[in-house]
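**Q**
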Amino acid sequence: LLMAHAGISCSLGQTYSGVLNRCVPTAQPGDRCQYSSQCHALFPGTVCDRSICRCPNDFYWTGTHCTDSCPDGYQPNPKTGVCKPGCREGQIDYEGECLNQMSPDHPCIISAQCTGGSSCTDGRCQCPPGKSSIQGVCTRAKSRPGGSCEHGEECTDGSYCLKNRCVCPKGFVLHNQRCTTPLLVPPESACGPDVACGGGSFCVNNICTCPNGHIVINQQCQLPDAVPPGSRCTETDHCSGGSFCLYGICRCPTGMVTVNQRCQIPIEVMPGQTCRVGIDICIGRSYCVEGTCRCPEGMAVERGVCRSPSIVLPGFKCDSMTHCGGGSVCVDGVCTCPKGMTVINQRCEMAKTAPPNYSCRNQEICTGGSSCVAGVCICPRGQIPVGDICKGSTDQSKQRCVTDDQCAKGFSCVSSRCVCAGMLLPNGVCKTSRLASLGSKCVAGLDVCTGGSSCIGGTCTCPSGTIAIDGRCRIRKRVLPGDPCDEATFCGHDSKCIDGRCVCLDGFEIVNRQCRKTDKKKSALPGERCDRNTVCTGGALCEQGKCTCRAGFEAHGGICKWKPVQPSTVSPGFSCDANSICTGGSTCIGGICQCPTGESVEGYRCVTRISVAISSPPGSYCRPDIGVCTGGSYCRNNVCVCPQEKIPIANQCVRPKEQIALPVLGMKTQQCGKELPCRTGMICVDGMCRCKPGSTFDPATATCIFSSTQNSDYPRSSQPVTPGKSCISSKFQYCVGGAICENGYCLCPQGTVHVSDQCQSLQSLFSNNNAQREKREVLYKLGAQCAANIHCNRGAICLRGICTCPQHWKFVDNYCVPSIYTSTQPMM
Numbered sequence: 001l002l003m004a005h006a007g008i009s010c011s012l013g014q015t016y017s018g019v020l021n022r023c024v025p026t027a028q029p030g031d032r033c034q035y036s037s038q039c040h041a042l043f044p045g046t047v048c049d050r051s052i053c054r055c056p057n058d059f060y061w062t063g064t065h066c067t068d069s070c071p072d073g074y075q076p077n078p079k080t081g082v083c084k085p086g087c088r089e090g091q092i093d094y095e096g097e098c099l100n101q102m103s104p105d106h107p108c109i110i111s112a113q114c115t116g117g118s119s120c121t122d123g124r125c126q127c128p129p130g131k132s133s134i135q136g137v138c139t140r141a142k143s144r145p146g147g148s149c150e151h152g153e154e155c156t157d158g159s160y161c162l163k164n165r166c167v168c169p170k171g172f173v174l175h176n177q178r179c180t181t182p183l184l185v186p187p188e189s190a191c192g193p194d195v196a197c198g199g200g201s202f203c204v205n206n207i208c209t210c211p212n213g214h215i216v217i218n219q220q221c222q223l224p225d226a227v228p229p230g231s232r233c234t235e236t237d238h239c240s241g242g243s244f245c246l247y248g249i250c251r252c253p254t255g256m257v258t259v260n261q262r263c264q265i266p267i268e269v270m271p272g273q274t275c276r277v278g279i280d281i282c283i284g285r286s287y288c289v290e291g292t293c294r295c296p297e298g299m300a301v302e303r304g305v306c307r308s309p310s311i312v313l314p315g316f317k318c319d320s321m322t323h324c325g326g327g328s329v330c331v332d333g334v335c336t337c338p339k340g341m342t343v344i345n346q347r348c349e350m351a352k353t354a355p356p357n358y359s360c361r362n363q364e365i366c367t368g369g370s371s372c373v374a375g376v377c378i379c380p381r382g383q384i385p386v387g388d389i390c391k392g393s394t395d396q397s398k399q400r401c402v403t404d405d406q407c408a409k410g411f412s413c414v415s416s417r418c419v420c421a422g423m424l425l426p427n428g429v430c431k432t433s434r435l436a437s438l439g440s441k442c443v444a445g446l447d448v449c450t451g452g453s454s455c456i457g458g459t460c461t462c463p464s465g466t467i468a469i470d471g472r473c474r475i476r477k478r479v480l481p482g483d484p485c486d487e488a489t490f491c492g493h494d495s496k497c498i499d500g501r502c503v504c505l506d507g508f509e510i511v512n513r514q515c516r517k518t519d520k521k522k523s524a525l526p527g528e529r530c531d532r533n534t535v536c537t538g539g540a541l542c543e544q545g546k547c548t549c550r551a552g553f554e555a556h557g558g559i560c561k562w563k564p565v566q567p568s569t570v571s572p573g574f575s576c577d578a579n580s581i582c583t584g585g586s587t588c589i590g591g592i593c594q595c596p597t598g599e600s601v602e603g604y605r606c607v608t609r610i611s612v613a614i615s616s617p618p619g620s621y622c623r624p625d626i627g628v629c630t631g632g633s634y635c636r637n638n639v640c641v642c643p644q645e646k647i648p649i650a651n652q653c654v655r656p657k658e659q660i661a662l663p664v665l666g667m668k669t670q671q672c673g674k675e676l677p678c679r680t681g682m683i684c685v686d687g688m689c690r691c692k693p694g695s696t697f698d699p700a701t702a703t704c705i706f707s708s709t710q711n712s713d714y715p716r717s718s719q720p721v722t723p724g725k726s727c728i729s730s731k732f733q734y735c736v737g738g739a740i741c742e743n744g745y746c747l748c749p750q751g752t753v754h755v756s757d758q759c760q761s762l763q764s765l766f767s768n769n770n771a772q773r774e775k776r777e778v779l780y781k782l783g784a785q786c787a788a789n790i791h792c793n794r795g796a797i798c799l800r801g802i803c804t805c806p807q808h809w810k811f812v813d814n815y816c817v818p819s820i821y822t823s824t825q826p827m828m
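If you read the sequence shown in full-length UniProt numbering, its first letter stands for residue 1, the second for the next number, and so on.
1) GLN177: which of SER143, VAL570, CYS348 and HIS238 sits nearest, CA to CA?
2) Which runs of the beta strand (DSSP E) spanning at least 3 residues fall entirely within the stretch 551-585, listed in chain order?
3) When you compare the CB positions of GLY375 and CYS390, do they come within less than 7 Å of one another, or not?
4) Please go through the same chain and pick out, in chain order, the residues whose beta-carbon is closer than 6 Å to the beta-carbon of CYS536, but skip the five residues on each side of it.
5) Flag this pair as yes or no: are the beta carbons of TYR60 and THR67 separated by less than 7 Å?
6) Rank PRO356, CYS203, LEU12 and GLU290 by C-alpha distance to the C-alpha of ARG400 and give the top, closest one.
7) Which same chain residues, not among the five before or five after SER328, have their C-beta less than 7 Å away from its C-beta?
8) According to DSSP, simplified to helix, strand and coil, what is ASP225?
9) Please name the residue in CYS642, GLN652 and CYS622 whose C-alpha comes closest to that of GLY631.
10) Any idea which residues DSSP pairs VAL277 with across the strands?
11) Taking 8 Å as the limit between beta carbons, can you name the residues of its chain near ILE589, skipping five residues before and five after?
12) Can you give me the start and stop residues for the beta strand (DSSP E) that SER371 sits inside?
13) Could you tell me the distance, in whole angstroms, from the CA atom of GLN670 to the CA atom of LEU246?
14) Could you tell me whether the stretch 277-290 touches the stretch 241-256, using the rule of 3 or more Cβ pairs below 8 Å?
15) Would you tell me roughly how many angstroms separate the C-alpha atoms of residue 881 and GLU95, rounded to the nearest one?
16) Could you give the DSSP three-state label for ASP388: helix, strand or coil?
17) Since GLN363 is in the beta strand (DSSP E), which residue starts that stretch and which ends it?
18) Which residues does DSSP pair with ASP93 in a beta bridge?
19) Go ahead and label GLY81 buried or exposed: buried means 16 or more other beta carbons lie within 10 angstroms of its beta carbon, across all protein chains shown.
20) From the DSSP output, in three-state form, read off PRO56 for me.
21) Of the residues LEU174, ARG294, MET102 and SER243, which one's Cα is nearest the Cα of GLY284?
22) Evaluate LEU438 with the Cβ neighbour count: other Cβ atoms within 10 Å of its Cβ, from every protein chain shown; 16 or more gives buried, anything less gives exposed.
23) Where do the ends of the alpha helix (DSSP H) carrying HIS40 lie?
24) Who does TYR16 pair with in a DSSP beta bridge?
25) Counting only runs of 3+ residues fully inside the UniProt domain "EGF-like" (97-139), write out the beta strand (DSSP E) ranges in chain order.
26) Does the pairing of the stretch 457-473 with the stretch 492-501 give three or more beta-carbon distances under 8 Å?
27) So, with DSSP's three-state summary, where would you put GLN652?
28) Would you kindly check if the distance between the Cβ of CYS497 and the Cβ of CYS485 is under 7 Å?
29) Among VAL167, PRO182, LYS646 and ARG381, whose alpha-carbon lies nearest the alpha-carbon of ASP194?
30) Given that a residue counts as buried once 16 or more other Cβ atoms are within 10 Å of its Cβ, and exposed if not, what is ILE92?
31) For ASP388, which residues from the same chain have a beta carbon less than 8 Å from its beta carbon, with the 5 sequence-adjacent residues on both sides left out?
32) DSSP on ASP49, reduced to helix/strand/coil?
33) LEU747 lies in the beta strand (DSSP E); which residues open and close that run?
34) In three-state DSSP terms, what is GLN28?
35) Leaving out five residues on either side along the sequence, give the residues of the same chain with a beta carbon under 7 Å from the beta carbon of LEU2.
36) For GLN346, which three-state DSSP category applies?
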């Protein structure tokens with residue numbers, strides 16, 4: 001049937017398009033189209049939308065007409081807009097295909113098929129970890145006390161999940177695989193795994209026992225009447241607030257102070273913050289002066305520490321804690337010389353000038369637009385000196401240079417002048433041949449191939465009989481069986497290059513550096529036994545009855561393969577050898593990776609040292625990068641230690657026989673006198689160290705404490721001043737508690753802090769912290785294992801992994817002390 005339109009007849013299955021003025025194929029709903037006339041020809045009202053014939057206004061095609069919803073049993077296809085038969089119950093639609101829903105442990109394609117809480121994994125519906133299928137539903141697995149709950153299992157019988165394990169709650173015990181409450185009994189009753197102690201008691205040797213110092217009152221462990229710190233006490237009294245009874249007085253442990261009738265560790269206060277005398281400790285080298293932690297004169301606070309400003313040379317970085325030296329000033333974080341000056345011998349000096357092509361080796365400032373390059377004032381690229389000014393010019397032969405980059409394109413730097421190696425055109429342009437590397441594209445007659453290659457077929461190629469290695473054409477060298485081989489060589493005499501060595505094939509052996517077939521001898525792999533009738537294969541040699549690989553090789557799959565030695569990397573400060581590589585800029589010197597002179601270790605790298613050194617006496621903490629050990633000691637394992645033949649006495653490293661030791665801890669030693677004076681706070685009387693009049697010896701602090709405000713060494717009109725308060729260094733005022741009058745204030749000496757009107761050492765202050773003391777007593781007591789001296793306390797050092805007293809020292813009252821000391825207390 002022909003359809004006529006405007007004089008054009010269209011055959012069956014086609015319709016006329018007024019846009020194209022020709023016949024086009026008709027299209028049904030759901031078919032692809034280009035024009036709405038294709039759709040409208042068969043079913044009037046349909047349109048071509050998104051290249052698909054469909055109903056307008058998002059209606060759906062039922063097969064006969066357009067409707068806003070599909071009939072029962074059909075569902076719309078969103079891609080084509082055509083109603084299609086729907087999926088049955090128990091099925092899902094997946095990209096136009098009906099898929100059956102599947103229960104756990106059945107095959108699947110997508111997770112939407114899986115029911116009961118399962119998902120499609122590896123082609124099967126599987127329950128999540130910690131769940132299992134029960135009647136087609138994924139249910140949490142159950143675990144009894146002591147069992148695993150790592151995958152979400154449900155803990156039963158009163159237990160709960162803790163660190164992937166079902167455990168009983170606190171106060172419950174496991175009995176017959178259930179968590180039950182134990183029987184509670186009063187103090188002094190029998191106890192066991194199923195019987196708990198009540199009334200504040202604990203089960204000790206199967207008996208409910210009260211803690212030390214507690215007694216049983218009305219079936220409860222209670223303390224007797226408590227005595228507060230500072231009050232008188234007897235051996236039967238209980239000192240409260242953390243104090244203990246010593247010499248009839250409830251005293252706080254050393255390093256603690258009394259606050260509201262309780263012993264407390266002094267609070268650390270940063271410099272610049274408010275402090276309370278006797279309660280707070282000023283840290284960061286500051287002192288509590290008139291209620292404020294202040295830095296000593298000439299020092300300022302930097303990151304919470306009092307520091308002296310360091311001097312920085314011109315050209316280096318600067319900040320608020322540095323002072324620019326050499327006449328420079330801090331500009332944008334760099335010590336910079338003033339305008340018109342330059343750095344000469346690390347100082348700012350008036351700058352000298354130099355015109356183009358003149359020397360600037362003595363730090364002259366280049367003028368005329370030139371810049372100093374390798375000691376010569378050079379004009380920019382494309383310019384030459386005209387008089388004393390750099391100007392543009394095509395004549396590059398007058399341009400001085402140091403490198404090719406300073407010459408114009410095509411010119412090269414030869415004998416400090418820009419020279420054209422090719423053809424110099426009248427316009428000053430240097431025309432040269434192009435260089436083409438081995439393997440790159442080239443044009444014959446124009447490009448020059450490098451590395452010994454030639455331009456063949458538009459590519460720089462190596463000649464016959466050579467091979468490309470590292471960008472050059474090299475002749476392959478013929479090597480014999482047993483010799484080393486690589487890609488630049490080829491193995492002769494029927495041998496084969498295996499793991500860097502020419503090896504004969506199986507059934508052959510090396511005879512006079514040739515592969516000869518052997519009929520009589522048997523072959524053996526590396527590692528197997530061999531004799532004179534055996535041929536070791538795979539590159540091995542028969543040594544002591546066994547086929548053995550050469551040094552540096554090891555057997556893999558019956559062949560001796562090269563075993564590369566991987567050098568180990570070592571950080572600065574650690575041991576090194578010939579097979580080590582020192583990192584962070586350090587060098588292996590004397591078996592230790594050491595930083596260059598003037599540098600120190602910071603974060604496993606060598607950095608320039610600009611901080612001010614901190615002085616540390618023997619036995620103090622130190623760091624090689626910022627500390628200086630004094631008294632003849634040196635820093636080892638972060639502790640200032642004395643040489644092997646010396647011991648630390650009075651912050652000095654001395655030989656044991658030298659007579660410079662001071663009587664320590666108020667003990668009787670050799671007779672005191674001019675050659676052997678007593679320690680601070682004591683005087684020498686009849687060869688014995690005694691406390692000064694008006695003071696008494698305190699065994700708890702091993703110091704002489706003044707019992708009154710008067711001191712026999714000063715006039716009665718003089719006034720004692722406690723640490724931290726202002727003073728006048730004269731006969732009218734004197735500092736007590738071990739302080740010294742400096743800069744108008746009673747300040748504690750270096751290494752001590754102000755606590756309860758006394759100067760105490762940092763070591764004694766912090767070593768008595770309860771938590772730290774318990775930890776050190778357990779981990780670092782004498783005889784415990786250690787890795788460094790800092791791990792040992794009470795004067796011990798780490799020797800062969802054990803905390804031990806040093807040589808010439810003795811173990812007295814749980815402390816290591818020099819052998820020259822005795823246990824006799826001073827005469828009172």
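Beta carbons are placed, not taken as given, at the ideal position from N, Cα and C, and that holds for glycine. What you are looking at is a predicted structure, and each value in this text was computed from that prediction instead of being measured.
**A** According to the structure shown:
1) Here the closest residue by C-alpha is SER143.
2) Taken in chain order, the complete beta strand (DSSP E) segments of 3 residues or longer contained in the stretch 551-585 are 553-556, 559-562, 568-570 and 580-582.
3) No, Cβ-Cβ distance for GLY375 and CYS390 is not below 7 Å.
4) Within the same chain, CYS536 has close Cβ partners ALA524, CYS530, CYS542 and CYS547.
5) Cβ atoms of TYR60 and THR67: closer than 7 Å.
6) Considering only alpha carbons, the answer is PRO356.
7) PRO314, CYS335, THR336, CYS337 and CYS348.
8) Here ASP225 sits in coil by DSSP.
9) GLY631 has its Cα closest to that of GLN652, out of CYS642, GLN652 and CYS622.
10) DSSP lists no bridge partner for VAL277.
11) Contacts found: none.
12) Start and end: 371-373.
13) With a pLDDT of only 46 at GLN670, under 50, the local geometry of the prediction cannot be trusted, and the value read off the model is given with reservation. Their backbone Cα atoms lie some 29 Å apart in a straight line.
14) Judged by Cβ distances under 8 Å, the stretch 277-290 makes no contact with the stretch 241-256, as fewer than three pairs qualify.
15) This structure leaves residue 881 out entirely; the chain is present only between 1 and 828.
16) Assigned with DSSP and collapsed to three states, ASP388 falls in coil, not helix or strand.
17) Segment: none, GLN363 is in no beta strand (DSSP E) and carries neither H nor E.
18) In the DSSP output, where bridge partners are listed per residue, ASP93 has CYS98.
19) Classification of GLY81: buried, given that the 10 Å Cβ count is 16 or more.
20) Three-state result, PRO56: helix.
21) The candidate whose alpha carbon is nearest that of GLY284 is ARG294.
22) Residue burial annotation: LEU438 is buried, with at least 16 other C-beta atoms found within 10 angstroms of its C-beta.
23) Membership of HIS40 in the alpha helix (DSSP H) is indicated by the continuous run 36-40.
24) DSSP, once it has assigned bridges, lists CYS23 as partnering TYR16.
25) Given a length threshold of 3 residues, each whole run of the beta strand (DSSP E) inside the UniProt domain "EGF-like" (97-139) is given here in chain order: 97-100, 119-121, 124-126 and 131-134.
26) With a cut-off of 8 Å, the stretch 492-501 and the stretch 457-473 do not count as touching, because too few Cβ pairs lie within range.
27) It is a strand residue.
28) Note that the C-beta distance between CYS485 and CYS497 is below 7 Å.
29) The shortest C-alpha separation from ASP194 is found at PRO182.
30) Counting of Cβ neighbours within 10 angstroms places ILE92 among the exposed residues, the total staying below 16.
31) Closer than 8 Å at the Cβ level, and outside the excluded window around ASP388, lie PRO355, PRO356, THR367 and GLY368.
32) Assigned with DSSP and collapsed to three states, ASP49 falls in strand.
33) Note, LEU747: beta strand (DSSP E), 745-747.
34) DSSP places GLN28 in the coil class of the three-state scheme, outside both helix and strand.
35) Residue confidence for LEU2 is low, a pLDDT of 43 falling below 50, so the modelled location carries little weight; the figure read from the coordinates is stated next. Excluding residues within five positions, the ones whose Cβ falls inside 7 Å are SER9, CYS10 and SER11.
36) In this structure, GLN346 counts as coil in the three-state DSSP scheme.
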